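J.: Numbered according to our numbering, the sequence shown spans residues 2 to 501.
The beta carbon of each residue, even a glycine, is placed where N, CA and C say it ideally should be.
A quick note: this is a predicted structure, and the numbers were derived from the prediction, not measured.
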Amino acid sequence: MTAPHRLVLDRLRDVVGGPARFRVIWLLSGVLGMAAADQTVAGAVAPDMKVALGVDNTGIGLLVTAASLMSGVTTLPFGLLADRVTRVRLLAGCVFAWSAALAIEGAATSYSMLLFGQLVLGAGVGAATPVVASLAGDLFPNADRGRALGFILTGEFAGAATGLVLAGEISALWSWRGSFWVVAAVGPPLAVVLLRLLPEPARGGGSVVHVGDALLGVGDGVAASPPEDADRDAAVVPGAARSGLAEAIEDAGIVPHEGLVLDSDPAGRSLAWAVRYVLSIRTNVVIILASALGYFYVAGMQTFAIVFVRGRFDVSQSLATLMLVGVGAAVIAGTLASGQVSDRLIGRGHVTSRPLVGGVSLLLAVAFLLPGFGLSSVVVAIPLLLLGAAALGAINPPLDAARLDIMHSRLWGRAESVRNFFQTLLKSGSPLAFGWLSTVLAPPGPADNLAQGGGAVGLTRAFLVLLSVLVVGGLVLLVARRTYPRDVATAMASEAATSR
C-alpha cells in the first residue's frame with residue numbers, strides 16, 4: 002500500500018504539471034516563503050524582545066521599516082546581477098546571508114545589533130523577488146506562466162503566516178532568541194538544496210520545463226532542445242508559446258513600438274539605462290502603480306488585522322487569530338485561481354486577459370470589502386471579508402506574468418527590481434498611513450475599544466476610505482488593456498532581433 006504522504010506528493014506533482022515542474026515550483030516558492038517568514042520574526046517576538054532589551058514600540062517599528070527599506074534599495078543592484086550572473090548561485094548566497102543575519106539577531110545583546118541584523122536581512126531579501134521572477138520567466142512558457150507563478154507566489158503568503166505563528170510559539174515555549182535561531186537554521190539547508198537540485202536555466206526560454214517532464218535536464222545555462230513537434234516559428238519568440246500569447250499577438254496583426262524595439266542584447270547596459278527603458282513602457286508603469294497600491298493596502302490590513310477584528314467584532318485573541326488563518330487561506334485560493342484563469346483566457350485568444358483579470362480582481366476586492374468592513378455582525382461580515390481577501394490574492398499572478406510578457410528576457414531581473422523598489426517605498430509607509438488616518442477619523446470623545454489602537458470606529462473608517470487606492474489600481478489596469486498588446490509585440494520583436 003502506498004503511504005499517504007506519497008499519494009499527496011504524487012497528486013501535487015500531477016496538479017502542477019509533473020515532477021520537473023514540481024521541483025522548480027517548490028524550490029522557488031520555498032525561497033519566497035522563507036524570505037517572507039524571516040521578515041516576520043522581529044514583529045512576532047516583539048513583546049518579549051522589548052522587555053529583554055528595553056526596546057519601545059518606536060524601536061520595533063524602526064527594525065521592521067529598516068529591513069523593508071534596505072530590501073527596496075538593494076533590489077536594484079540585485080536586479081542588475083540577475084540579468085548578468087548565475088542566478089541560482091546568487092540566490093543561494095543571499096539565503097545564506099540573511100540566515101546569518103537572523104542568527105546575529107538571536108545573539109543580540111543590544112538594539113544596535115538587532116538593527117544591524119535587520120539591515121543585513123533586508124539587503125539579502127532584496128534579491129529574492131527579481132531573481133525568482135527571472136528564473137520563473139525562463140523555466141515556464143508564456144502560455145501557462147500565470148498558473149505557475151500562482152503556485153510559486155503561494156509560498157510568500159504561506160511563509161509569512163508560518164513564520165509569524167512559528168516564531169510566536171517558539172518565543173512562548175522557549176525564548177525570543179530561539180525564534181531567530183530556529184528560523185535561521187532553515188536557510189542553509191534550503192540554499193544547499195537549491196544549488197544541488199536547480200540547474201541554471203538558459204536565458205530567453207531555452208530551458209522551458211514542459212508539462213509532464215520528469216527531469217529538468219538543463220544546467221550551466223545551456224539551452225534545451227525544443228520538442229520535436231514545436232512550431233518552428235516559435236524559435237523567434239523565446240519564452241513564448243506559439244499556442245498562447247505570441248500566436249494571439251501575431252494573429253491580431255499587432256505592431257510593436259519601433260522606437261522601443263531593442264537591436265542588441267541589453268544584458269550589458271547600465272542600471273540607469275535599464276531603469277529609464279523599463280519606465281518608458283507604459284503598461285509596465287501602470288502595472289507597477291497598480292501592484293504597489295495593492296501591496297500598500299494589504300500591508301495596512303496585515304498590520305492592523307488583529308486590532309480591527311478584535312475591536313470591530315469583540316472577539317478573543319485566539320478567535321481573531323483563527324479568523325485570520327481563514328483569510329490567509331482565502332488569499333492563497335485566489336492566488337492559485339487567477340493565474341490559471343488568465344492563462345485559459347489567453348489560450349482562447351483574449352490577448353488582454355492578464356491586465357483584465359488583475360483589474361477586475363482589484364475592483365471585486367473593493368466590492369466585497371466595502372460591506373464586509375461596514376457590517377458589525379461577524380457571521381455576515383466574515384464571508385465577505387474572505388471573498389475580498391481571495392480577490393486581493395488574485396491580483397498578483399496575472400500581473401507578475403504580464404510584467405514578463407512586456408519585457409525582454411535579459412531585462413527581467415532589473416524590471417522586477419524597479420517594480421519592487423517603488424512597491425517597497427509605498428508599502429513601507431502603509432502602517433503609518435493607516436494608523437494616522439484611524440486616529441483622525443476616530444469619533445470625538447472617549448473612543449470605543451481605545452485599547453485596540455485608537456478606536457475600532459476610526460480604524461474601520463480608515464479601512465473604508467483607503468479602499469479608494471484599490472479602485473484607482475483597478476481602473477488603471479483596465480485602461481492598460483489598450484497598451485498591453487503593443488508592448489507585448491515590442492518585447493517579442495526585441496527578442497527576435499537580439500536572438501539572431
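Is the beta carbon of L92 closer than 8 Å to that of V553?
T.: Coverage of the chain is limited to positions 2 through 501, which leaves residue 553 absent and any answer about it impossible.
J.: Just mark S292 as buried or exposed, buried being the case when its beta carbon has 16 or more other beta carbons within 10 Å.
T.: That one is buried.
J.: Suppose the cutoff is 7 Å on Cβ atoms and the five residues either side in sequence are ignored; what does the same chain contact list for A498 look like?
T.: V262, L263, D264.
J.: Quick check on the burial criterion: 16 or more other C-beta atoms within 10 angstroms. Buried or exposed for T76?
T.: Looking at its Cβ environment, which holds 16 or more other Cβ atoms inside 10 Å, T76 is buried.
J.: Quick check on the burial criterion: 16 or more other C-beta atoms within 10 angstroms. Buried or exposed for G335?
T.: Classification of G335: buried, given that the 10 Å Cβ count is 16 or more.
J.: Let me make sure I understand the geometry here. Which of V480, L320, R204 has the alpha-carbon closest to that of G267?
T.: For clarity, residue 267 is Pro in the given sequence; the question names Gly instead. Checking every option, the nearest Cα to that of P267 belongs to R204.
J.: Where P257 and L280 are concerned, what is the direct C-alpha to C-alpha distance, given to the nearest angstrom?
T.: C-alpha separation (whole angstroms): 17 Å.
J.: Helix, strand or coil, according to DSSP, for P239 in the structure here?
T.: Interpretation of P239 is limited by its pLDDT of 44, a score under 50 that renders its predicted location unreliable; the figure taken from the coordinates is listed afterwards. Three-state result, P239: coil.
J.: How many whole angstroms separate the CB atoms of G160 and I171, which I take to be in contact at a CB cut-off of 8 Å?
T.: Incorrect: roughly 16 Å between the Cβ atoms, too far for contact.
J.: So the candidates are I153, A43, P200, V194; which of them puts its Cα closest to the Cα of A104?
T.: Measuring from the Cα of A104, the nearest candidate turns out to be A43.
J.: What three-state label does DSSP hand F181 in the structure shown?
T.: Here F181 sits in helix by DSSP.
J.: I need the straight-line Cα distance from F374 to V299, nearest angstrom please.
T.: Each residue's Cα considered, the two are about 14 Å apart.
J.: Considering only residues of the same chain and omitting the five flanking positions on each side of G414, which have a CB-CB separation below 6 Å?
T.: Closer than 6 Å at the Cβ level, and outside the excluded window around G414, lie G80, A83, D84, P131, S135.
J.: Decide if T304 is buried, meaning its Cβ has at least 16 other Cβ atoms within 10 Å, or exposed.
T.: So T304 counts as buried.
J.: So, at 6 Å on beta carbons, what are the nonlocal neighbours of T284 in its own chain, with the 5 sequence-adjacent residues on each side left out?
T.: Counting only Cβ-Cβ distances below 6 Å, and skipping sequence neighbours, we find I407, A481, T484, Y485, D488.
J.: Measure the C-alpha to C-alpha separation of G188 and F97 and round it to an integer number of angstroms.
T.: Each residue's Cα considered, the two are about 6 Å apart.
J.: Could you name the residues of the same chain whose beta carbon sits closer than 8 Å to that of A68, not counting the 5 residues immediately before and after it, in chain order?
T.: Correct list, in chain order: Q40, A43, Q119, L120, L122, G123, V126.
J.: Assuming G73 contacts T425 under a Cβ cut-off of 8 Å, what Cβ separation, rounded to an integer in Å, is found between them?
T.: So it is a contact: roughly 3 Å between Cβ atoms.
J.: What are the start and end residues of the alpha helix (DSSP H) that includes V367?
T.: It spans 354 to 375 - the alpha helix (DSSP H) in which V367 sits, taken as one unbroken run.
J.: Quick one: what's got a C-beta closer than 8 Å to A253's C-beta in the same chain, skipping five residues either side?
T.: If we look at A253 and ignore the five residues flanking it on each side, its Cβ neighbours are V352, P486.
J.: May I have a chain-ordered list of the alpha helix (DSSP H) segments no shorter than 4 residues that lie completely inside the region 100 to 187?
T.: The qualifying runs are 112 to 126, 129 to 140, 146 to 174, 177 to 186.
J.: Between the region 307 to 315 and the region 353 to 366, do three or more beta carbon pairs fall short of 8 Å?
T.: With the cut-off at 8 Å, the region 307 to 315 and the region 353 to 366 do not touch.
J.: In whole angstroms, what is the alpha-carbon distance linking K51 and I61?
T.: Answer to the nearest angstrom: the Cα atoms are 8 Å apart.
J.: Give the secondary structure of S469 by DSSP, where H, G and I count as helix, E and B as strand, and everything else as coil.
T.: Helix.
J.: Is DSSP giving M408 helix, strand or coil here?
T.: Three-state DSSP puts M408 in coil, outside helix and strand.
J.: What is the DSSP secondary structure of E201, counted as helix, strand or coil?
T.: If DSSP states are grouped into helix, strand and coil, E201 belongs with coil.
J.: With respect to 7 Å, is the separation between the Cβ of R22 and the closest non-hydrogen atom of the ligand HEM below this value?
T.: Judged by which ligands are present, the structure shown has none, so any question about the ligand HEM falls away.
J.: Give me the Cα-Cα distance between S495 and L412, rounded to the nearest whole angstrom.
T.: If I take the Cα positions, the gap works out to 11 Å.
J.: Assign D11 to one of three DSSP states: helix, strand, or coil.
T.: DSSP places D11 in helix when its eight states are reduced to three.
J.: Consult DSSP for T304 and reduce its assignment to one of helix, strand or coil.
T.: Here T304 sits in helix by DSSP.
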